[in-house]
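Each remark here refers to the structure printed beneath this line.
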Amino acid sequence: MRQAHSRAAGGSFGFVPSFTGLLNATTIGALSIAALSAGMLWLVGIYASGLRDPRYLDGWVLAGGMALQLLFHVAIKTSVFAPKSIVRWRKVHIFIGYLLIAAFVSHCGFSLPDTTFEWALWSGFVVITLSGVFGTYLSWSLRAKGGIDEHISFERIPTRRAELADEIAGVVASRVPDAAAALPLPAPPYEAWIADLYTNHLRDFFVGPRNFTGHLIGSQRPLKQLTDEIDSLTRYVDSRTQQKLNAIRALVVEKDQLDFARVHYGLTKGWLFVHVPVTYGLIVLSVMHVLVVYSFSSGAG
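Numbers 847 to 1147, taken from my numbering, label the letters of the sequence shown in order.
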């Protein structure tokens, strides 16, 4: 969060470079996934042209990929990975997940299920896929916003938000010594300008959580609107008042980061309650599916 403060003080939020880097990485990943998916579908076609049931091939591809995904969940829970390697393995986890979409579509024969059991399998995979895509988006938005302060837990956010509200009120109420007080001239209305800024733009911002939609889509626009108001006022005040406005600006940036942390933590907790249980449920259904398929195939033989 301190890094976010320094970026804000310099007038740049670091969004464009981060977005460009993320876009390049996303493009390369998408092209790799598309190429591998096309290659797998081509192999399935060759397998089918040999008068074999292609569902056995893409079915075992699905089973192997899901087993790897399950091992990733188990490794995270048991702390097998080192902290630095978790990020790398999570990327592998996401990459395999996208490849499994092609395997799933191929296994379904590009059609909807027929029986109740097939619908259960189909629905479970669709829910996992959608929640996985949403989890990837949460990770992207976290990087696009510059991260969050790891020392601030979800439970402490309301307390810190109240502290920031008190701090901003104290800074606004504090008086900057007037360097021209000895001169027989009216004092510049700097304090009145700051009070007006606080009343019209900042007080409501510090009362509670704000800009949920902006944080959800990783947008910097709400924060930029506030900092632009502060920056435009900074140009017309003396150096001492500029220091006061810089302190106000830093508190605004921290409050914005706090609001983003609240959205990110809340969505992540909700996402885990969907993605992980459904994953384990689908594993059980998949094992039953394999047993049923091979029981019928051996009986037919």
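Positions of the beta carbon are idealized from the N, C-alpha and C atoms, including for glycine.
When DSSP labels each residue in this structure, what does residue i get in the three-state scheme?
i: residue 1021; result: coil
i: residue 1084; result: coil
i: residue 1015; result: helix
i: residue 926; result: coil
i: residue 1158; result: Only positions 847 to 1147 of the chain appear in the structure, and residue 1158 is not among them; the question remains open.
i: residue 1066; result: coil
i: residue 895; result: helix
i: residue 1092; result: helix
i: residue 956; result: coil
Relative to the C-alpha of residue i, which residue among the options is closest?
i: residue 1080; options: 1095, 1067, 904 and 1066; result: 1095
i: residue 1022; options: 892, 1090 and 1112; result: 1090
i: residue 1130; options: 1076, 1038, 987 and 971; result: 971
i: residue 1063; options: 986, 1040, 1087 and 1097; result: 986
i: residue 1072; options: 1086, 1083, 1040 and 1087; result: 1040
i: residue 965; options: 1135, 1059 and 1141; result: 1135
For residue i, which residues in the same chain have their Cβ closer than 8 Å to its Cβ, ignoring the five residues on either side in sequence?
i: residue 1132; result: 908, 909, 912 and 967
Output needed for residue i: all residues of its chain with C-beta closer than 7 Å, excluding positions within five of it in sequence on either side, in chain order.
i: residue 943; result: 915 and 978
i: residue 887; result: 948 and 952
Mark residue i as exposed unless 16 or more other C-beta atoms lie within 10 angstroms of its C-beta, in which case mark it buried.
i: residue 1074; result: exposed
i: residue 873; result: exposed
i: residue 1137; result: exposed
i: residue 1061; result: buried
i: residue 1067; result: exposed
i: residue 1002; result: exposed
i: residue 997; result: exposed
Among the residues of its own chain, which have a CB less than 6 Å from the CB of residue i, if the five just before and after it don't count?
i: residue 1125; result: 974
If we count Cβ pairs, one from each stretch, closer than 8 Å, do we get three or more for the stretch 1001-1014 versus the stretch 1086-1106? yes
For the pair the stretch 1115-1135 and the stretch 949-959, tell me if three or more CB-CB distances fall below 8 Å. no
Touching by the beta-carbon criterion (3+ pairs, under 8 Å), the stretch 1063-1078 and the stretch 1044-1055: yes
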